[in-house]
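In this text, residue positions in the sequence shown follow my numbering: the first is 1, and each later residue adds one. Just so it is clear, CB atoms sit at the ideal spot from N, CA and C, and this is done for glycine as well. Here the structure is a predicted model, which means the values were calculated and not measured. Heads up, the thing below is written out as structure tokens.
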Amino acid sequence: MMYIWRGYPPPAKGWRYELPTMERLFADGRIELPKRPDGRPQLRRFLDEMPGVPIGTVWTDISPVNSQALEDTGYDTQKPEALLERIISASSQQGDLVADLFCGAGTTGAVAERLGRRWIMADLGRFGVHTSRKRLIDLQRNLHAEEKPYRAFDVYNLGRYERQWWQKDALQGADEEHRRVVLEFFQAEMLTNAPSPLIHGRKGGALCHVDRIDSVFSRQEASIVAKAVAAAGGRECYCLAWEFEMDLRFTASALEQELGVKLKLIQIPREIMERNRRGPPPFLEVAVLKAEPVYRGPEGERSVDIKLTSFLPSLAEVPAKELEALKERVVRSGFDFIDFWAVDFEWSPDKPFNHHWQDYRTRKDRSLKTVSEAAHHYPKPGAYTACVKVVDVFGCDTSITVEVKI
């Protein structure tokens, strides 16, 4: 098949088709003539004529997430979205349920949502859950801007597994043993003949109360402890707990005014659960968060927003070697340590927190608003409760309530 076709000499090995076939292909629009004088005619191929090669079990065509990628979240084990898209598309249909029980940065959920799948994600790490939450909210915003459908999602705390395992494995399930270990690391004396079952130790001139391992230290409990300390002649008490009810600092201040007892709310550091831990980790007070309502508009048409006025993170999750370097900066500019905050303008203790408005830092945009932009309207005059939730850069959340009057 060495012939000149429409002025083009044959390639070194000749044309692929005979002359009549070449003319038929050209008449069918299947031959692309070159745009350059030294070019060669090309055969047009269509995807439905190219079955391709079935994909193998080793995938080298998808690159890992690099530090400059737009999808990078800074999570060490993050997988590329293209990889999860291939897995989910190949193994499920729209509307199917996809589960990732070690979700990390939330790639599975984000891709499943984008592909129209339902999803469940779980992770033991607070930072992983927080990263996933921000990622899903970001996806919602993008889908909303593109006028594509998206769904709400819920975040649940379903257990205290790490502490429960530690209690069973190392403490033989006993709360008294738990209190002994906590007080030992806190470098406090354990009292065997305490004046009250709510008083467990003494440090310096202050008494100590250690909350149960599976409990949340509440306002009611704070009041009972303060009264027990006052009855024992104490003026100061360290209240050590794994978790604290929101607004507890306000309750502690009121109790100090009423009873003359100062309650210091101290977070129990998770480092005490480390198997080979010998030295005491730092015990630090809980975070301080303050906010106030911002009213706009005339009576009857008022809208409400929330303004953050103060934030001091706890630093309970900060490694000891970095603690000193951060303490001064925290006091000087606590807002720098807020990674995410949200407002539920119609909060109720018997309902889940509802994100009416939120703002958060991203890898590309490190700015953060300190006043919400919800312009929330309440249905009628009255007293309402807004709840403000802050997640700091260490993955810890702090919540308070703000009274709103319309």
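Neighbourhood of residue i by C-beta distance below 7 Å, restricted to the same chain and skipping five residues each side
i      : result
Val393 : Phe337, Asp339
Arg277 : Glu271
Glu177 : Leu171
Glu71  : Val65, Glu81
Ala228 : Ser196, Leu198, Ile199
Pro34  : Arg40, Pro41
Own chain partners of residue i with C-beta closer than 6 Å, once the 5 adjacent residues on each side are dropped
i      : result
Lys79  : Thr107
Asp116 : The sequence given here places Gly at residue 116; Asp does not occur at that position. Counting only Cβ-Cβ distances below 6 Å, and skipping sequence neighbours, we find Gln94.
Arg30  : Arg44
Val390 : Leu289, Ile338, Trp341, Thr398
His130 : Val391, Gly395
Arg361 : Asp339, Leu368
Ile62  : Pro80, Ala82, Leu83
Ala316 : Gln267, Pro269, Leu284
Per DSSP, the bridge partner or partners of residue i
i      : result
Leu240 : Val210, Ile266
Arg296 : Ser303
Ser103 : The sequence shown places Cys at residue 103, not Ser. Note: Cys103 sits in no beta bridge, so no partner.
Arg118 : Leu97
Met22  : For Met22, which the question treats as bridged, DSSP gives no partner whatsoever.
Asp359 : Trp341
Arg202 : Glu189, Leu207
Ala228 : Paired residue(s): none; Ala228 is not in a bridge.
Val391 : Phe340, Asp397
Phe127 : In DSSP, Phe127 forms no bridge with anything.
Ile31  : Leu43
Thr60  : Partner(s): none; Thr60 has no beta bridge.
Ala375 : According to DSSP, which records beta bridges pairwise, Ala375 is partnered with nothing at all.
Leu308 : Ala291
Ala386 : Val402
Trp5   : Tyr8
Leu284 : Gln267
Phe353 : DSSP, once it has assigned bridges, lists no residue as partnering Phe353.
Classification of residue i by the beta-carbon crowding that lies within 10 angstroms, buried from 16 upward
i      : result
Pro313 : buried
Asp38  : exposed
Tyr384 : buried
Gly56  : exposed
Tyr156 : exposed
Asp305 : buried
Thr73  : buried
Gln459 : Nothing about residue 459 can be read from this structure; the chain reaches only from 1 to 406.
Thr60  : exposed
Gln167 : buried
His144 : exposed
Arg366 : exposed
Ser132 : buried
Val331 : exposed
When the options are compared against residue i, the one with the closest alpha-carbon
i      : options                        : result
Tyr378 : Thr370, Gln358, Ser399, Ile406 : Ile406
Ser310 : Leu289, Lys321, Glu328         : Leu289
Trp15  : Pro282, Ala27, Arg24, Pro41    : Pro41
Ala386 : Asp344, Ser399, Ile120         : Asp344
Val111 : Val330, Ile137, Gly125         : Ile137
Lys262 : Glu245, Leu323, Ala226, Leu284 : Ala226
Glu121 : Pro293, Glu18, Phe153, Arg141  : One point to set straight first is that residue 121 is Met, not Glu, in the sequence displayed. Minimum Cα distance to Met121 is reached at Phe153.
Glu147 : Leu171, Trp166, Gly125, Arg114 : Arg114
Cys103 : Pro34, Pro381, Thr77           : Thr77
Arg202 : Ile213, Met190, Pro10, Arg212  : Met190
Phe204 : Cys237, Ala194, Trp242         : Looking at the sequence provided, one finds Gly at residue 204 rather than Phe. Cα-wise, what sits closest to Gly204 is Cys237.
Asn193 : Arg275, Leu207, Ser223         : Leu207
Arg212 : Asp96, His355, Ile268, Asp61   : Ile268
Trp357 : Lys351, Glu373, Ser348         : Glu373
Ser89  : Pro64, Arg118, Ala69           : Arg118
Met246 : Ala188, His209, Val216, Asp61  : Val216
Pro381 : Phe46, Ser132, Ser303          : Ser303
Glu403 : Leu326, Pro51, Asn354, Ser348  : Ser348
Val294 : Thr370, Leu198, Trp242, Asp100 : Thr370
Ile400 : His376, Ala287, Tyr17, Val53   : Ala287
Ile87  : Asp350, Leu284, Gly109, Glu328 : Gly109
Leu308 : Val318, Pro195, Ala291, His209 : Ala291
Val318 : Asn354, Lys351, Pro281         : Pro281
His376 : Glu346, Leu323, Lys351, Lys364 : Glu346
Expected contact under 8 Å - CB spacing of residue i and residue j to nearest Å
i      : j      : result
Leu240 : Val182 : 6 Å
Tyr75  : Ala105 : 4 Å
Arg126 : Gly395 : 4 Å
Met273 : Glu162 : 7 Å
Gln140 : Tyr150 : 5 Å
Leu255 : Ser223 : 6 Å
Arg179 : Asp214 : With 8 Å as the limit, Arg179 and Asp214 do not qualify as a contact, their Cβ atoms being about 13 Å apart.
Cutoff 8 Å; reference residue i; Cβ partners in own chain excluding five residues on either side
i      : result
Ala325 : none
Tyr17  : Met1, Leu25
Ala230 : Leu259, Gly260, Val261
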